[in-house]
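Structure, as structure tokens:
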């Protein structure tokens with residue numbers, strides 16, 4: 004299997020829970036989350052794509068390519084679609100834009116497992132918890148994703164992945180692994196992390 008992979012950050016839009024601030028711009032440990040993500044992945048991927056409909060919020064970031072959603076209000080699947088459509092590689096590794104504690108070793112392990120497989124999608128699994136926004140998607144899923152998004156109101160990543168040969172990379176239920184998938188959903192999440 005061919006195995007070139009682009010890194011993708013879903014920077015999304017403004018969050019109502021954060022007063023219109025894009026979650027990727029929240030400061031954790033003195034650094035914006037998006038900067039933390041880029042610093043974690045820039046030595047792994049030759050290309051990093053940031054999916055956002057507000058690129059002006061990230062104008063100081065020069066080392067990444069920006070793309071916007073074609074399917075608006077489609078949530079993460081709209082961002083995955085935009086990245087797949089613009090990717091020049093065989094697959095994309097998707098990261099939620101609000102994950103401040105990514106681990107390089109885990110990312111590399113996931114890439115290695117994906118490249119040795121014939122999976123269309125590879126998703127980490129801790130216990131019964133899956134994280135589809137720390138996952139690898141082959142560009143061959145693009146046409147089916149377009150049909151899925153055009154076909155109705157169902158925009159669930161969990162439903163979409165059922166259509167493919169999806170692998171699950173089982174991980175130990177350690178605090179270190181759980182922390183790697185920590186994302187920011189509320190202001191209290193920020194307080195707990197700082």
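Numbering (our numbering), first residue to last: 4 to 197. Note that beta-carbon positions come from the ideal geometry of N, C-alpha and C, so glycine has one too. Please read all numbers here as calculations on a predicted model, not as lab measurements.
### Query
What is the DSSP secondary structure of residue 187, counted as helix, strand or coil?
coil
### Message
Rounding to the nearest angstrom, what Cα-Cα distance links residue 14 and residue 112 in this structure?
### Response
Near 24 angstroms, if we compare the C-alpha coordinates of residue 112 and residue 14.
### Query
DSSP beta-bridge partners for residue 43?
Per DSSP, none; premise fails for residue 43.
### Message
DSSP has residue 87 in a bridge; who is on the other side?
### Response
Paired residues: none, contrary to the question.
### Task
Report the residue from 60, 61 and 182 whose alpha carbon sits nearest the alpha carbon of residue 137.
182
### Message
Which same chain residues end up closer than 8 angstroms to residue 161 when comparing Cβ atoms and leaving out the 5 residues on each side of it in sequence?
### Response
133 and 135
### Task
Look at the Cβ atom of residue 129, then the Cβ atom of residue 174, and state whether they are nearer than 7 angstroms.
In terms of Cβ geometry, residue 129 and residue 174 form a close pair [threshold 7 angstroms].
### Task
Find out if the Cβ-Cβ distance for the pair residue 120, residue 170 is shorter than 7 angstroms.
yes
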